[in-house]
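Data first, discussion second: the structure below is written as structure tokens.
Numbering (our numbering), first residue to last: 1 to 688.
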């Protein structure tokens, strides 16, 4: 025991052990662990551990040999309640097809495959049939079911679910986006602050109970709470820290709080090394470390202390925030001054009381509505900062460490200066980039040179008619294009060129305008359809310039030629066809132009030896005639089409016509990036 005390009381030893545990966890996470299932298996059994229904899509996770993510599409509206009523803990037998999750196909965006892998999920099961094997649910799952079912009967279930279960899925998408934009979303994650308040309440209730009984009761409660919240990283970390602090007091280890923190991190990573890649764990651990390590800085009266905590948390979590969102809200520090006390001292405790005393639901519901109304007036000044590389992150934390130890305010100015330089570093990049982005069954291509950005089409998910009950929740657009553009430092789009008015080419134009400073929009020849009309109303409202039926466009040293200026009676033939030459490399963008347009272009222009062709109409047989392809002789052909699309694109005949070129397809290769560097063309893909 004495030797253990000696080890535990050495901060340096614990820090080294903590770093070693992080390194070992990193190695473990990057060793491919084989699944216990064979991909050819058609039938699996497991315990239901999580579920949700969106429209007719029933998504759930079962735990059999290992966890499997499952998707089932409900066929009849009358069956909705049947699946809603399947309780967590039920044993299911499933028949279906296993598939490997996809990687991200747009650079610097959410990687679903890695996300599932770090949650110990290797496969997705596309379910054909579900049968219940057993409803013999253990006591822990019964408690969890009771809490979820009780919360679902409340008007204020969105916030009760958020604060009690850590489940933010019930929050309105627009409100969620506003919280995120304002830089206060973190306050809704159950963290050490919430656990401290919860424990304080329990201690108050058990004040007459002896410590030897009271604290073990709290620890048992926290273990149960960890299970109920699906082993949330922040709750796991906070609960373990509380337990260590209690054991430290009970057995007189004389540990400082920072030493308890190091032990906590080690225990979490021993339990599950994959927590190393959990954003909640990273956020809470980094902020907690600095708040504990530099607690002497944040002393003062309540408001001053809150301000210092807000500033310190903002500074130390900045690299994480940037690499998650590729933008920061400079004014989030001031928003937190209002929100932290309001949530921690009033709304969160009231949520716990409301859960126990249901008649308070109506009061809590109105209070959260008032809070949502107030959120509309939160201060927002978002600055786009491109993805930080590891070297920049290391230097950032070195400067922060020196600043916190010396309190030299000049270092803060240096940090701001370095981030500003990094933000505008792309101006020194003399390379030109052409990105053919995977937007599913649609088109979108970005041309970027230094501070100039030209976007040709936006993509847009085409929706097909379906019964009302099958319609899924309308999520706000936080799509891959927006994330990707910000990740490479784009905050302005100089020209948004729309080849034509089909939804799969311009459906996200309005959303892009809401996220970026779009300076000019260019439409094709011909009359405007309804979708284009709606966009023009938005452009007029935002006072954005727009043109139609251009013949050419000068952008820096580049000249874009619009080859199709004749008016037809359909959108596809009216598509803008754009020719661009960069450093003697020839690029041709065909939109959805058909063989009719191709003949007109061949008659008017002498096009040959095209280096990169964006194939017309997603590889449909209405475009890319043999005559046209043999004439322009493309070296590389890009087909933008959705995986397993219902149209059968690309057409076999078109692929045969293009056989003398190197074909890239977004459904197989993901996004395709052409980089012109030192007058050489380099090609990368973002594969599935």
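No residue lacks a Cβ here, since even glycine has one placed at the ideal position from N, Cα and C. Owing to the predicted nature of the structure, the values given are computational and were not obtained by experimental measurement.
{"Asked": "Beta-ladder partner(s) of residue 502, from DSSP", "Found": "Answer is none; residue 502 lacks a bridge partner."}
{"Asked": "Whole-angstrom distance between residue 592 and residue 504, CA atom to CA atom", "Found": "10 angstroms"}
{"Asked": "Residue 441 in three-state terms, based on DSSP", "Found": "coil"}
{"Asked": "Start and end residues, alpha helix (DSSP H) containing residue 18", "Found": "11-29"}
{"Asked": "Burial state of residue 75 (16 or more Cβ within 10 Å)", "Found": "exposed"}
{"Asked": "contact_flag[the segment 516-534, the segment 491-498] where n(CB pairs < 8 angstroms) is 3 or more", "Found": "yes"}
{"Asked": "Environment of residue 388 [buried if 16+ CB atoms lie within 10 Å]", "Found": "buried"}
{"Asked": "Identity of the residue in 23, 69, 485 and 122 nearest residue 323 by Cα", "Found": "485"}
{"Asked": "Cut-off 7 angstroms between Cβ atoms - residues of its own chain near residue 101, not counting five sequence neighbours on either side", "Found": "112, 113, 116 and 124"}
{"Asked": "DSSP state of residue 160 mapped onto helix, strand, coil", "Found": "helix"}
{"Asked": "Residue(s) in a DSSP beta bridge with residue 455", "Found": "446 and 496"}
{"Asked": "Sequence-distant residues of its chain with Cβ nearer than 6 angstroms to residue 706 (five each side left out)", "Found": "In this structure the chain extends from 1 to 688, so residue 706 is not present and cannot be described."}
{"Asked": "Proximity of residue 482 and residue 515 at Cβ, strictly below 8 angstroms", "Found": "yes"}
{"Asked": "Residue 182 versus residue 368 - alpha carbon distance", "Found": "17 angstroms"}
{"Asked": "Contacting residues, own chain, Cβ-Cβ under 6 angstroms from residue 624 (five flanking each side not counted)", "Found": "615, 616, 654 and 657"}
{"Asked": "Sub-8 angstroms separation of residue 234 and residue 280 beta-carbons", "Found": "yes"}
{"Asked": "Length of the line joining the Cα atoms of residue 209 and residue 121", "Found": "43 angstroms"}
{"Asked": "Simplified DSSP state of residue 523, which is helix, strand or coil", "Found": "strand"}
{"Asked": "Neighbourhood of residue 675 by C-beta, 6 angstroms cutoff - its chain only, sequence neighbours within 5 removed", "Found": "431, 433 and 682"}
{"Asked": "DSSP state of residue 265 mapped onto helix, strand, coil", "Found": "helix"}
{"Asked": "DSSP beta-bridge partners of residue 686", "Found": "670 and 671"}
{"Asked": "Proximal residues to residue 166 (C-beta, below 6 angstroms), its chain only, five neighbours per side dropped", "Found": "190, 229 and 232"}
{"Asked": "Proximity below 8 angstroms, CB of residue 626 to CB of residue 610", "Found": "no"}
{"Asked": "Proximity below 8 angstroms, CB of residue 258 to CB of residue 286", "Found": "no"}
{"Asked": "Cβ neighbours of residue 163 in the same chain (closer than 6 angstroms, five flanking residues each side left out)", "Found": "348 and 351"}
{"Asked": "For residue 678, three-class secondary structure by DSSP", "Found": "coil"}
{"Asked": "Which listed residue (95, 105, 377 and 60) has its alpha carbon closest to that of residue 89", "Found": "60"}
{"Asked": "Beta-carbon proximity of residue 220 to residue 239, cut-off 8 angstroms", "Found": "no"}
{"Asked": "Which listed residue (678, 641, 404 and 336) has its alpha carbon closest to that of residue 667", "Found": "641"}
{"Asked": "Reduced DSSP category for residue 477 - H, G, I as helix; E, B as strand; rest coil", "Found": "Low confidence applies here, because residue 477 scores a pLDDT of 41, under 50, leaving its location unreliable; read the following figure in that light. Looking at residue 477 - three-state DSSP - the assignment turns out to be coil, as it is neither helix nor strand."}
{"Asked": "Residue 575 beta carbon less than 8 angstroms from that of residue 524", "Found": "yes"}
{"Asked": "CB contact flag (residue 94, residue 44, <8 angstroms)", "Found": "yes"}
{"Asked": "According to DSSP, residues forming a beta bridge with residue 72", "Found": "58"}
{"Asked": "Buried versus exposed call for residue 302 [16 or more other C-beta atoms within 10 Å across all chains shown]", "Found": "exposed"}
{"Asked": "Beta-carbon proximity check, residue 328 vs residue 312, cutoff 8 angstroms", "Found": "no"}
{"Asked": "Local Cβ density within 10 Å of residue 169, reported as buried at 16 or more and exposed below that", "Found": "exposed"}
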